[in-house]
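Residue numbers for the sequence shown, in the working numbering: 9 to 536. First comes the structure, then the notes that go with it.
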Amino acid sequence: MTDTLLDDVALQPNPLSEGLSQGRVPLPCVVVIFGATGDLTQRKLVPAFYALAADGLLPPGFSIIGAGRTEQSTEDFREGMRKSVERFGRVPLRTDVWNVFADGLRYCTYDLDHPDGLHALHETLDELDRERGTAGNRIFYFSIPPSGFAALAERLGTEGLSHADGSSFRRMIVEKPFGHNLDSARALNGKLHVAFKEDQIYRIDHYLGKETVQNLLVFRFANGIFEPLWNRQYIDHVQITVAENLGAEGRGAYYEESGALRDIIQNHVMQLVAIVGMEAPSNFGAETVRDEKVKLLRAVRPIHPDDALSHTVRGQYGEGWIDGERVPAYRQEHSVAPDSLRETFVAMKVDIDNWRWAGTPFYLRTGKRFPKRATEIAIQFRRVPHSPFGGNTATPVGLLPADSIDPNLLVLRIQPDEGITLRISAKTPGQSMTIRTVNMDFLYGSAFLKESPEAYERLLLDCMLGDPTLFAREDEVEEAWRFCTAILDGWRAHPPDPNDCPNYEAGSWGPQSSSDFMARDGRQWRRL
Ligand code: BG6
Numbered sequence: 009m010t011d012t013l014l015d016d017v018a019l020q021p022n023p024l025s026e027g028l029s030q031g032r033v034p035l036p037c038v039v040v041i042f043g044a045t046g047d048l049t050q051r052k053l054v055p056a057f058y059a060l061a062a063d064g065l066l067p068p069g070f071s072i073i074g075a076g077r078t079e080q081s082t083e084d085f086r087e088g089m090r091k092s093v094e095r096f097g098r099v100p101l102r103t104d105v106w107n108v109f110a111d112g113l114r115y116c117t118y119d120l121d122h123p124d125g126l127h128a129l130h131e132t133l134d135e136l137d138r139e140r141g142t143a144g145n146r147i148f149y150f151s152i153p154p155s156g157f158a159a160l161a162e163r164l165g166t167e168g169l170s171h172a173d174g175s176s177f178r179r180m181i182v183e184k185p186f187g188h189n190l191d192s193a194r195a196l197n198g199k200l201h202v203a204f205k206e207d208q209i210y211r212i213d214h215y216l217g218k219e220t221v222q223n224l225l226v227f228r229f230a231n232g233i234f235e236p237l238w239n240r241q242y243i244d245h246v247q248i249t250v251a252e253n254l255g256a257e258g259r260g261a262y263y264e265e266s267g268a269l270r271d272i273i274q275n276h277v278m279q280l281v282a283i284v285g286m287e288a289p290s291n292f293g294a295e296t297v298r299d300e301k302v303k304l305l306r307a308v309r310p311i312h313p314d315d316a317l318s319h320t321v322r323g324q325y326g327e328g329w330i331d332g333e334r335v336p337a338y339r340q341e342h343s344v345a346p347d348s349l350r351e352t353f354v355a356m357k358v359d360i361d362n363w364r365w366a367g368t369p370f371y372l373r374t375g376k377r378f379p380k381r382a383t384e385i386a387i388q389f390r391r392v393p394h395s396p397f398g399g400n401t402a403t404p405v406g407l408l409p410a411d412s413i414d415p416n417l418l419v420l421r422i423q424p425d426e427g428i429t430l431r432i433s434a435k436t437p438g439q440s441m442t443i444r445t446v447n448m449d450f451l452y453g454s455a456f457l458k459e460s461p462e463a464y465e466r467l468l469l470d471c472m473l474g475d476p477t478l479f480a481r482e483d484e485v486e487e488a489w490r491f492c493t494a495i496l497d498g499w500r501a502h503p504p505d506p507n508d509c510p511n512y513e514a515g516s517w518g519p520q521s522s523s524d525f526m527a528r529d530g531r532q533w534r535r536l
């Protein structure tokens, strides 16, 4: 395959520009993926870029440089990426689209330990600017272990690669984990800022790219009827669940460092809390939306380390059964210590100290090796204050008490079965006033008959367009860490009792202590 000159690209009928009409085609640019031989590049990044290409949403001349420490030819890199797209892509590979896309793929090695270690990268960038008209527009994707973030950012700075001259853009995308506590997140922000300004930094949280999470904003702020109810007066409590049926799988080493609180609550779940709880932004500008999210996160009541045990539940899965298959305990997973106390389950109660939410708790839970995968937000409304209806047996004075009528529930299903369900009470047909709950359902699949793009597609495109709305700003990340770090401090001071670890079976909904935790508040977790 030969490299295509810019003029040729412009003259050819280009499947990559079919989407110009959608008005969301970025300027020509190069994306440099550091960590190009890693899992994320193969499973998510390149398939997402390819899907954008197939939808005609990439600019002419769009190019990717896979940068890695191991030697590989561009041809081999292309071949590897083709296989990744075939295996992991959302859309089937089409040869005409692939050929144009693959023309823009390059591979080069880099070595930060060597003074000339970015030489090949410089050369390839210059070559792409000349040949494909990418005009100095660059995005650096940090798909590398977090211990390397600061050094890479600094080096890009000293090599003059992070600085844009005004006619082009330079941006960086950084993957989580973004620090492991508040201090390290702050330190990392400080180091990145030496080379990149805040408006050049795109901290990715793939939950924000999910259609259903974006729809949460639309649901709240494009529907007038829910907003008056969206507060402490009408909502009893909120439950946010991120349930996974997978275990630590091949990520034992990472998970031993991280655990469920850092892996899911600090980022994905706190983002959901912010979106459910925030005030209406006056516009959908990146700073306006993120300002509102930060205000909400600041209102989250800190859990003092001394209270961590009474406000949270930790768990770790033992062996068990999922979908008829025997699955190992966490401690039996690869790279996990046989006596590990690392949490694979967390539940907690979050109070929000503002006028909208005072007295309406948010309960959060996440865990690995649940019976199924399900992420949802359930808004439980208050019960009717009084029931005017007689009992099922139509006894004239034996009234059906208000607490026997199920309260309304609004369930926003993030995944799978994406959709929204509103539970209401209805009269069962017949001669007596018997009440049963029924569901009003909106299902993405049947309402739109269209497949949703993957989260990474949306986020990568937004970054190319320079729209950081769906990326976490420095202060959001720090606020989420402020909350989680206090809990981690409390947990460290009070490690779990080794005799009570593991404390839930794989294939169950978490430890008994989590149900007891809810029962203490007179509530229960939803059965999903
Ligand atoms: C990642 C976590 O951020 O999110 C994983 O590191 C987790 O442990 C994954 O499995 C869940 O993402 P999704 O999109 O499958 O809900």
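In this text, a Cβ means the ideal position worked out from N, Cα and C, and glycines have one as well.
CA nearest to the CA of residue i, picked from the options
i, options, result
"T82", "V105, T132 and W329", "T132"
"G427", "S522, F227, D524 and M286", "F227"
"E265", "E162, S348 and E459", "S348"
"L317", "G285, N291 and A355", "A355"
"D213", "L280, A251 and L169", "L280"
"G156", "D414, A514 and G76", "G76"
"Q274", "N507, T49, F177 and V308", "V308"
"M180", "R444, F229, G332 and N145", "N145"
"C471", "S460, S433 and F177", "F177"
"F70", "W106, H502 and E487", "W106"
"T296", "T477, R364 and E87", "T477"
"E462", "T320, Y58 and E487", "Y58"
Residue environment, residue i, which counts as buried when at least 16 other CB atoms sit within 10 Å
i, result
"A366", "exposed"
"R140", "buried"
"L136", "buried"
"F85", "buried"
"I272", "buried"
"T383", "buried"
"D529", "exposed"
"V537", "Past the edges of the chain, shown from 9 to 536, lies residue 537, and the structure says nothing about it."
"Q439", "exposed"
"S454", "exposed"
"Q388", "buried"
"A386", "buried"
"S92", "buried"
"T403", "Legend: pLDDT at T403 = 44, less than 50; position of this residue unreliable, value from coordinates given subsequently. It counts as exposed."
"D111", "buried"
"V246", "buried"
Expected contact under 8 Å - CB spacing of residue i and residue j to nearest Å
i, j, result
"I41", "Y215", "About 21 Å; that fails the 8 Å criterion."
"G323", "A337", "Wrong, their Cβ atoms sit about 12 Å apart, outside the cutoff."
"R98", "P34", "No, R98 and P34 are not in contact; Cβ-Cβ is about 20 Å, not under 8 Å."
"P379", "W517", "7 Å"
"T220", "L536", "Wrong, their Cβ atoms sit about 15 Å apart, outside the cutoff."
"I147", "V39", "5 Å"
Boundaries of the beta strand (DSSP E) in which residue i is found, first to last residue
i, result
"R431", "G427 to K435"
"D449", "I443 to L451"
"K357", "F353 to V358"
"F389", "A382 to F389"
"Q423", "L417 to Q423"
"D244", "I243 to A251"
"W329", "G328 to I330"
"I41", "V38 to F42"
"T78", "Where T78 is concerned, there is no enclosing beta strand (DSSP E), given that its DSSP letter is neither H nor E."
Same chain, Cβ closer than 6 Å to residue i, five either side skipped, listed in chain order
i, result
"G74", "I41, A44, F85 and Y115"
"P519", "G323, N511 and Y512"
"L430", "L418 and M448"
"A282", "K301, L304 and L305"
"L457", "none"
Any non-hydrogen atom of the ligand HEM closer than 8 Å to residue i Cβ
i, result
"D47", "You won't find the ligand HEM in this model; what it holds is the ligand BG6."
Nonlocal neighbours in the same chain, by C-beta distance under 7 Å from residue i, ignoring five residues either side
i, result
"R211", "V182, F186, F479, A480 and V485"
"D496", "The residue you asked about is not Asp; residue 496 is Leu in the sequence shown. Cβ neighbours of L496 beyond the five flanking positions: N189 and L269."
"H342", "G258 and G260"
"L254", "K376"
"E351", "G267, A268, L269, R322, G323 and Q324"
"E300", "M286, E287 and P289"
8 Å CB neighbourhood of residue i in its chain, flanking five on each side removed
i, result
"Q532", "S523 and M526"
"S29", "Residue placement at S29 cannot be trusted, given a pLDDT of 42 that sits under 50; what the coordinates show is reported in the next sentence. Nothing listed; no residue qualifies."
"D475", "A294"
"T117", "A75, G76, R77, T78, E79, Q80 and A128"
Enclosing alpha helix (DSSP H) for residue i [first to last residue]
i, result
"S318", "A316 to H319"
"Q208", "Taken as a continuous stretch (DSSP letters only), Q208 belongs to no alpha helix (DSSP H), as it is neither H nor E."
"K303", "A294 to A307"
"V485", "E482 to A501"
"A61", "V54 to A62"
"L473", "A463 to L473"
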